[in-house]
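The structure appears right after this line, and notes come after that.
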Amino acid sequence: MTETNNKIRALFLTALMVFSVFAGTVAFTGAAAAANASGAPDVRKATHYVDSDDGAIIEIAFNEDVTNTSNATVEVGFEDGSTATLADAALSVNTTASGGARFVVDTDEVYSNVQNVTVAGLEDQDGNVMDQQTVDVRFAPTTVSGFGNNNVANTTGYSGANVALEGESLQSMFTIDGPSTDVTRGSGVGSQVYVLNTDGFETGTYEVGSNSTTENLVLKDLGLGISVDQTSFTTEENITGTVTSGDINRPVDVELVNSDDEVVDSTQVTVDSDGEVAFDLGTYDTSGEYTVRATDVNTGVTATTTTNVTQAADNMASFGQSGSYEVDQGDIASITVNLEGTQTGTVVIGNADQSGYQANLTVTDGEDDGQSVTIQFNTYTAGNNSLGTVVSVADSDDSVTFNNPTSPEANVGSLLDTGDYSLYASAGNVQPGTVVNAADALGTLFIQERQTTGQQLWTAPAGTSFSNADASTVTTLVENTELTQDSAIVKGDYIVHQLSASGLEGLAASQNGLANAILNGNVSVSVVQTNPISNREPLELNVTESASSLTIISDAENDTYYIAYQPSAVAFERQGSDTNVALSAGNNFNATITVDDERLLDDGDTSTDAAQSVSSEFEIVDGTVSYNMDPVNVTASSGQMISGTSTYAPGTNFTVRVQSAQDSQPAFIKSQSVEVSASGTWSASFDFTTPDGLNAGDAFKVSNTLTSSTVDGNIVESTATPTATATATEGTQTATATATATATATATATATATATATPADGGGDTATPTETSTSTPGFGAVLAVIALIGAALLAVRREN
Numbered sequence: 001m002t003e004t005n006n007k008i009r010a011l012f013l014t015a016l017m018v019f020s021v022f023a024g025t026v027a028f029t030g031a032a033a034a035a036n037a038s039g040a041p042d043v044r045k046a047t048h049y050v051d052s053d054d055g056a057i058i059e060i061a062f063n064e065d066v067t068n069t070s071n072a073t074v075e076v077g078f079e080d081g082s083t084a085t086l087a088d089a090a091l092s093v094n095t096t097a098s099g100g101a102r103f104v105v106d107t108d109e110v111y112s113n114v115q116n117v118t119v120a121g122l123e124d125q126d127g128n129v130m131d132q133q134t135v136d137v138r139f140a141p142t143t144v145s146g147f148g149n150n151n152v153a154n155t156t157g158y159s160g161a162n163v164a165l166e167g168e169s170l171q172s173m174f175t176i177d178g179p180s181t182d183v184t185r186g187s188g189v190g191s192q193v194y195v196l197n198t199d200g201f202e203t204g205t206y207e208v209g210s211n212s213t214t215e216n217l218v219l220k221d222l223g224l225g226i227s228v229d230q231t232s233f234t235t236e237e238n239i240t241g242t243v244t245s246g247d248i249n250r251p252v253d254v255e256l257v258n259s260d261d262e263v264v265d266s267t268q269v270t271v272d273s274d275g276e277v278a279f280d281l282g283t284y285d286t287s288g289e290y291t292v293r294a295t296d297v298n299t300g301v302t303a304t305t306t307t308n309v310t311q312a313a314d315n316m317a318s319f320g321q322s323g324s325y326e327v328d329q330g331d332i333a334s335i336t337v338n339l340e341g342t343q344t345g346t347v348v349i350g351n352a353d354q355s356g357y358q359a360n361l362t363v364t365d366g367e368d369d370g371q372s373v374t375i376q377f378n379t380y381t382a383g384n385n386s387l388g389t390v391v392s393v394a395d396s397d398d399s400v401t402f403n404n405p406t407s408p409e410a411n412v413g414s415l416l417d418t419g420d421y422s423l424y425a426s427a428g429n430v431q432p433g434t435v436v437n438a439a440d441a442l443g444t445l446f447i448q449e450r451q452t453t454g455q456q457l458w459t460a461p462a463g464t465s466f467s468n469a470d471a472s473t474v475t476t477l478v479e480n481t482e483l484t485q486d487s488a489i490v491k492g493d494y495i496v497h498q499l500s501a502s503g504l505e506g507l508a509a510s511q512n513g514l515a516n517a518i519l520n521g522n523v524s525v526s527v528v529q530t531n532p533i534s535n536r537e538p539l540e541l542n543v544t545e546s547a548s549s550l551t552i553i554s555d556a557e558n559d560t561y562y563i564a565y566q567p568s569a570v571a572f573e574r575q576g577s578d579t580n581v582a583l584s585a586g587n588n589f590n591a592t593i594t595v596d597d598e599r600l601l602d603d604g605d606t607s608t609d610a611a612q613s614v615s616s617e618f619e620i621v622d623g624t625v626s627y628n629m630d631p632v633n634v635t636a637s638s639g640q641m642i643s644g645t646s647t648y649a650p651g652t653n654f655t656v657r658v659q660s661a662q663d664s665q666p667a668f669i670k671s672q673s674v675e676v677s678a679s680g681t682w683s684a685s686f687d688f689t690t691p692d693g694l695n696a697g698d699a700f701k702v703s704n705t706l707t708s709s710t711v712d713g714n715i716v717e718s719t720a721t722p723t724a725t726a727t728a729t730e731g732t733q734t735a736t737a738t739a740t741a742t743a744t745a746t747a748t749a750t751a752t753a754t755a756t757a758t759p760a761d762g763g764g765d766t767a768t769p770t771e772t773s774t775s776t777p778g779f780g781a782v783l784a785v786i787a788l789i790g791a792a793l794l795a796v797r798r799e800n
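Each residue of the sequence shown is one higher than the one before, starting from 1 at the first, in full-length UniProt numbering.
And the structure:
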């Protein structure tokens, strides 16, 4: 296809030449050709770099030799719109370096922001004077030179920046060989320099050859990067971000570039000693997608990122949840205010003229995202600022200011009454009266009566960790059957009192936790023995002495609170006598939790001012492990189940150990880890096929790591015989009867019936042999034997 295109192009050019000859004219395209149709010299290129002999120069290469430079005019243009001419001290014609088709202008210093050069007045050897021409100037911050001196030197530059390859004469040739390229280039007519664009070059060492000698160009990564603080900015937000660099103290231009590649805003920053610097481009009033470009001033290396500018919305405030909120007296209401086009809003809770209470607030969205602020309004402290914080925010980045905490309308003395409280919100910082009369949004806070509804008892294993526990911890423990409802508690296990009561959240917040409210008497916990022996005071929990051993878990969202402790780790005492009395199995207790806080009880209705209490009872029991069989009989096979029950809390783990008796050979020890199930049962599966030599008649002992209880066990013969099984289910119990008959040549008969009761709740309880009988329904023992003998003889006869 390329060959065909080349042929077509050749034919087209041939035709064009023939046409031109016949027409008697020659046509040229391009501004330079048009400007110098008379044959005057044209500018090929212009390069700004640091020459090894003359320092900072602009080399202007022509297509032919130029003379009479004394009439030349030169104007250099810079990116900021400024210019410099030969009349300025900064520019001068270098007559020594100029010659042939090369014209050199000294600049005294390096200008990385050079943009173009305009030249006029130069003549060629035929006396043709060039007209004014303007060409772009290529800037190269790094120069590789010294070709021909046979001393190989390393010149360091940055990948992505231009590098000037300076030859020893005009029309120099250069070879470049390195990690990213292997090419040959030339400076061309009127020039000693070739500008190598290293954009996309890998870092590393490149060999640059010219004039039969070689120099090394070492490219490094400048590490220039740029990021913006937001993926999108509104037309009212400053476009901000950060520039990073692997080198320090470097000036960097930051530009905002539109989709037409036009720079619409810019600023210059200097990378500091930490290798980074923040930038601020200010606001921009046209929405769209923009490129934010960082350019290292000294090298021209660039880095880019993108962002969007969106039209800022009109300032507006609104309430979440359609403006409708409910809260129990004493709890904390979460009221969300949405903000558009602003970070600040004014909120009023209540109306002094309608409800006798009014709180004037100013909220600020600290995340600078103009989205929302959630106010935490404490209905326990509201009306009495001295009790603690009335308003706070759910997100610590946001803020709220209570503007009238000491005003009469914000101090009503008692707990806020039940009823409806108006909500008002406006964008910006607005006078409360203006907000009430012309709010952006209206809402309602419904305060309803609080309740203390009940107490439930739970238990958890002694090894349970309640450190830093929260509501999710409780949920997980319940899901894993490690926290179960029970009123029979082993004193080393945990007992957990679940209190269901609304309206305690604000009290707990004002006292830095419900634990302090309990110690201060706002909520009381009483655990008192109900069955003391004669002439002895009942045992009673000393809450103050036991405070460090009590764990309080709050689930205020569900109006639920948990008090967890180990009975063996807290202080029980007899009133007026013994302290720190150890608990014993058989001690029964009544646990009563009472809301005593006067503020919560004084709701304006004297008939409901009495303290609110909820109670539950529990007993202390011995921690036991028992076995379902005594003795435990197994066969010399795998999958042999040993099971039992335990009073320890479900979820308790322990080890069941099986050890051979002293006179049994071979000796063995086997162990399995078990867990107490929700129904208080446990089971373990053992393999009695090892060690070799285990047989019927070998004895062993079963023990556990929780208690000292043991049980004897035996390995018995395995009977694999025809089995008839009948199963009946009644309620939650399953009964199984098995009859086995064995006939021998000596006419010996055996009849065995076994009944087993198994809970049918699917909890994994193990069936337990409970009765063995030699009777058969409808027959006496003798008749049963005769019947079986007859059946055996009949079978022998049929076989014969």
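Think of the CB as a built atom: it goes at the ideal place given N, C-alpha and C, for glycine as much as any other residue.
Mapping the DSSP letters down to three states, classify residue i as helix, strand or coil.
i	result
Val50	strand
Val430	coil
Gly77	strand
Pro251	strand
Glu598	helix
Glu109	coil
Glu619	strand
Val435	helix
Ser549	helix
Glu557	helix
Ser683	strand
Ser98	coil
Ala591	strand
For the beta strand (DSSP E) containing residue i, list its first residue and its last residue.
i	result
Ile518	Run containing Ile518: none in the beta strand (DSSP E); it sits in the alpha helix (DSSP H), Leu514 to Leu519.
Ser673	Ile669 to Glu675
Leu507	Unbroken run through Leu507 is the alpha helix (DSSP H), Glu505 to Ser510; no beta strand (DSSP E).
Leu457	Thr452 to Ala460
Thr244	Thr240 to Thr244
Lys220	Thr213 to Lys220
Ala488	Ala488 to Val490
Ile533	No beta strand (DSSP E) holds Ile533; DSSP gives it neither H nor E.
Asn150	From DSSP, Asn150 is part of no beta strand (DSSP E); its letter is neither H nor E.
Glu123	From DSSP, Glu123 is part of no beta strand (DSSP E); its letter is neither H nor E.
Ala278	Glu276 to Asp280
Ala84	Thr83 to Thr85
Phe174	Met173 to Asp177
Glu207	Gly204 to Ser210
Taking just the CA atoms, how far does residue j sit from residue i?
i	j	result
Val347	Asn360	6 Å
Tyr380	Ala312	39 Å
Val525	Pro408	36 Å
Thr707	Tyr627	12 Å
Ala97	Asn68	14 Å
Thr647	Val625	7 Å
Tyr206	Asp395	55 Å
Pro388	Ser510	With the sequence shown as reference, residue 388 is identified as Gly, and Pro is not the correct amino acid for it. Each residue's alpha carbon lies about 5 Å from the other.
Pro461	Val474	13 Å
Can you tell me whether residue i is buried or exposed? The criterion is at least 16 other CB atoms within 10 Å of its CB, across all chains shown.
i	result
Leu196	buried
Asp622	exposed
Val193	buried
Pro179	exposed
Ala726	Reliability fails at Ala726, whose pLDDT of 40 lies under 50, so the model's placement of it is uncertain and no value is given.
Ile669	exposed
Gly443	buried
Gly693	exposed
Arg102	buried
What residue does the alpha helix (DSSP H) around residue i start on, and which one ends it?
i	result
Ser472	Ala471 to Glu479
Please tell me whether residue i has its Cβ less than 8 Å away from any Cβ of chain C.
i	result
Gly503	Among the protein chains of the structure shown there is no chain C, as only one such chain exists.
Length at least 3, wholly inside the UniProt domain "DUF7827" (309-428): the beta strand (DSSP E) runs in chain order: Fully enclosed beta strand (DSSP E) runs of 3 or longer: 316-319, 324-328, 332-340, 344-350, 358-364, 372-378, 391-393, 399-402 and 419-427.
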